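Taking the numbering used here, the leading residue of the sequence shown gets 683, the next gets one more, and so forth. Glycine included, C-beta positions come from ideal geometry on N, C-alpha and C. Bear in mind the structure is a predicted one, so any value in this text is a computation, not a measurement. Worksheet: one structure, shown below.
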Amino acid sequence: MNNYYLSEENKNMTGYASKDRPWLKFYPPGASKIEDINLTYYQYYIEANKKFLDKAGIEYYNRIITRKDVIKESDQLAKVLQKYGVKKRDQILLGTIGVPEAFYTIMALSKIGAGANIINITYPNELIIDSVKQADFDVFIVLDVFYDLFSDALKLPEMKNKKIIVIPFTNSFPLGTKTVMLAQRIKNKKKFDKLKKDYNLNLSYYNDAIKECINMPDIEAEPYDKELKFLTVYSSGTTAKAKGINLPIDSITYMARNHELADLGTNENTASLHKVPINFSTGVNNNFLLPPLVGMINVLDPVFDKKTIGKSFKNHKHKIGVAIISNEMWEAVGNSKLKKDTLSDLTHPIAGGDGASVYRQEQIYNNLKKFGCKRPLFSGAGSTEVGACATTTLRQAYKAGTAGVPLPQVNAMIIDDEGKELKYNESGEICYSTPMMMLGYLNDEEKTRKSFIYVDSEKFYKTGDIGYIDSDGFVTYRGRKNDFIIVKDDNGNDFKQYLFEIEEIAKKYSFIMDCEAVGIDFNSTGYSKPVIHLQFTKEFTGNKYEAIEKIITDFKENLPSFSVPIAFKIREDFPIAKSGKRDNKKLSEEKDGYINIDKGIIYECNFNQNDVEYNVLDSISKQKTYVKSM
């Protein structure tokens, strides 16, 4: 790694990451200096795109919308929202995915000096209702295809005094495509019309609302407001109940500034593919709102389907240069039937969401290379609370298996359970200090307070992730701090077993592509037994049960006896949540189809009864080529 800048800030190493900031050697001198931006999102967009107003700003199902028209549409909607009573520091409720109208909404709110609470569309119905009840809003903008998700919420007594705007999903489609889907659009309208009549709702449709205000004079843009709750988004809920998180405008504008400092090599002709739901910070910040601030074309393809992901790279007028999707989705792209040059313009395949083994990252890249991609799989990490992304992979700084290095205006450290900073390569909780941090959790001041730690007057967010930082500044994630199960040790005492410690042993083997350990409380005792899900590499042709025996031996040598997994499941892939992340909750609910190996005997085991049921399948000696189909 010779291609890097020599920063003055790296000459005297103390052994502590937050003091040394060794990652700054990969950036231009002075990149860490934080200068006030003091621009709203609306202002930043105009400034970044003023030289390219006639160029494509959005591509949506092959319709091209220029940057000039993006501003025009946003200005029109700003007049509507102001007429509907939206004022400075207000929030509206937004129930949609990444359609152009959602982008115009956020631009319009920025012009007014207001913000959006983006409802988590992955929630079950009762939690959507709860979120609506908690939110403080007067205007609700909802996508028509989400009628079934939001109809019960719209029936709430509280909705009678709210103004509701319905966006047709096909509204911005090209005329021909819109006509083909006209029947579905009419069907959706009938549903909302009936709801409007039955519950006396103040409901209108997007185009009608625009027409009402078409002749009104443009409103004046509000200045930058540091304390504005610009976005309320939600954690994925993969490790705990999803939380509402209030983000300032800085969470996006500083990300844009860091993008420029990182010199990622994009320009006004680079197309960025949007696939991640916008109710998550990665989806709305990095994948939806960030690209236009650095001059990129926003290719909106908001339907998130693993089976059709490959089509997202060939059904557009613009060649895709940047794409942020999960490892599972990248794997699906690699297994698609695409032309050899489909990904030739893909300079930044970025893995968002789950971590992955080094082998799996290499495998994904090898799959992508078949279609012309010349770049390795980039990765980044962070959390919603720090503006989604705190680390990144750089062209001049790449180390396989890591989450890259902190962004230039981000500081990082590792702490122990007492809050003491640890040295390089020592594992503990990862903490970040960044100008992109949240304002706080929605309606939870105590949790907000407990989430931060101050070191020499610098404010750090405690991520809850376990990992370490090496002396070059690369951050390696090991797992979640709360990713553990309670087991009984040999003396009957409670023992905390981190699941990632089990996974790390399995991942050492070259024939394991990926794995996931979970705990199963099959007796409902409050104590779990570890099991592990294994995905073998496609190249492995040996006996999988003999391979598992090797892993079992390693487990027994490196784990307490009571922490050794009691069963294994061989799988082709992993279940995926709507967020694009791995659905560990679903994994933990799988209680059958496991195997157990004891002294060369293969057992099938199920956890559906009060006791584990074992059925002898065969001995490994007789199963040299046998692979149990899952």
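**Asked** Buried or exposed: P1315, going by 16 or more other Cβ atoms within 10 Å of its Cβ?
**Response** Absent from the model: residue 1315. The displayed extent of the chain is 683 to 1312, so no value can be given.
| Quick one: is P806 buried, meaning 16 or more other Cβ sit within 10 Å of its Cβ, or exposed? | By the C-beta density criterion, P806 is exposed, having fewer than 16 other C-beta atoms within 10 angstroms.
Checklist entry - Buried or exposed: where does V1298 fall if 16 or more other Cβ atoms within 10 Å of its Cβ makes it buried? => result exposed
*asked:* Quick check on G1379: buried or exposed, where buried means 16 or more other Cβ atoms within 10 Å of its Cβ?
replied: One cannot answer for residue 1379 here, as it falls past the ends of the chain, which runs 683 to 1312.
Task: Sufficient close CB pairs (3 or more, under 8 Å) joining the stretch 748 to 766 to the stretch 990 to 1004 - done: no
TODO: Report the three-state DSSP secondary structure of N961 (helix, strand or coil).
DONE: DSSP places N961 outside both helix and strand once states are collapsed to three, so it counts as coil.
| task | Can you give me the start and stop residues for the beta strand (DSSP E) that N1278 sits inside? | result | Counting along the chain, N1278 sits inside the beta strand (DSSP E) bounded by residues Y1276 to D1280.
Margin query: I believe Y727 touches L975 by the beta-carbon criterion, under 8 Å. Please report the beta-carbon distance rounded to the nearest angstrom.
Written below: With a beta-carbon spacing of about 6 Å, Y727 and L975 fall inside the 8 Å limit used to define contacts.
Requested in this report: Decide yes or no for the touch test of the stretch 952 to 964 against the stretch 704 to 720: beta carbon pairs closer than 8 Å, at least 3 of them.
Outcome: no
Task: Residues bridged to Y766 [DSSP beta-bridge criterion] - done: None; Y766 has no bridge partner.
So, V1040 versus G992, is the Cβ gap smaller than 7 Å?
At a Cβ-Cβ threshold of 7 Å, V1040 and G992 do not count as neighbours.
Task: Best match in N889, D907 and L825 for proximity to F874 [C-alpha to C-alpha] - done: L825
Helix, strand or coil for L1124, going by three-state DSSP, please let me know.
-> coil
- Cβ atoms of S714 and P1088: under 7 Å apart, would you say? no
Buried versus exposed, by CB contacts within 10 Å (16 or more), S1243:
By the neighbour-count rule (16 or more Cβ atoms within 10 Å), S1243 is not buried but exposed.
Q) Can you pull the DSSP bridge partners for D1147? A) R1162
- Write down the C-beta distance between F819 and Q866 rounded to the nearest angstrom, noting that I regard them as a contact closer than 8 Å. F819 to Q866, Cβ: 28 Å. No contact.
(Q) Helix, strand or coil, according to DSSP, for D1172 in the structure here? (A) For D1172, the secondary structure class from DSSP, reduced to helix, strand or coil, is coil.
(Q) Please classify Q816 as buried or exposed, where buried requires at least 16 other C-beta atoms within 10 Å of its C-beta. (A) exposed
- Message: Going by DSSP in three states, G992 sits in which element: helix, strand or coil?
- Response: helix
Bridge-paired residues (DSSP) for V1298:
Y1285
Legend entry - Terminal residues of the beta strand (DSSP E) in which S1270 lies: Careful: S1270 lies outside any beta strand (DSSP E), inside the alpha helix (DSSP H) at N1266 to E1271.
(request) Report yes if the C-beta of N884 is less than 6 Å from at least one heavy atom of the ligand SAM; otherwise report no. (result) Absence of the ligand SAM is noted for the structure shown, with no ligands found whatsoever.
- prompt: Where does Q1078 sit, in a helix, a strand or coil, going by DSSP?
  reply: Here Q1078 carries a coil assignment [DSSP, helix/strand/coil].
- Between which two residues does the alpha helix (DSSP H) carrying S813 extend? First-last of the alpha helix (DSSP H) with S813: N807 to Q816.
Q. Exposed or buried, what is E1127 when buried is set at 16 or more other beta-carbons lying within 10 Å of its beta-carbon?
A. By the 10 Å Cβ count, E1127 comes out exposed.
Notebook entry, point to check: Rounded to a whole number of angstroms, what is the C-alpha to C-alpha distance between G1161 and K754?
Noted result: 45 Å
F1053 versus D1255: straight-line alpha-carbon distance, rounded = 22 Å
Report task. Taking E1286 and I1277 to be in contact with their CB atoms under 8 Å, please state how far apart those CB atoms are, rounded to whole angstroms. Result -> 6 Å
Host beta strand (DSSP E) of P625 (start-end): Limits of the chain in this structure are 683 at one end and 1312 at the other, which puts residue 625 out of reach.
Where do the ends of the alpha helix (DSSP H) carrying D1198 lie? Note that residue 1198 is Glu in the sequence shown, not Asp. Looking at the DSSP string, E1198 is not in any alpha helix (DSSP H); the run it does join, the beta strand (DSSP E), is I1194 to I1202.
task: Measure the C-alpha to C-alpha separation of F822 and Y766 and round it to an integer number of angstroms.
output: 11 Å
- Item | Three or more C-beta pairs below 8 Å linking the stretch 838 to 853 and the stretch 768 to 784 | yes
Check: Roughly how far, in whole angstroms, is the beta-carbon of N928 from the beta-carbon of T914, given that I think they are within contact range, below 8 Å?
Finding: 5 Å
**Prompt:** Using the rule of at least 16 other Cβ atoms within 10 Å of the residue's Cβ for burial, across every protein chain shown, is I979 buried or exposed?
**Reply:** Burial call: buried.
*asked:* Taking 8 Å as the cut-off, does the stretch 1170 to 1180 touch the stretch 1102 to 1120 (at least 3 CB pairs, one atom from each stretch)?
replied: no
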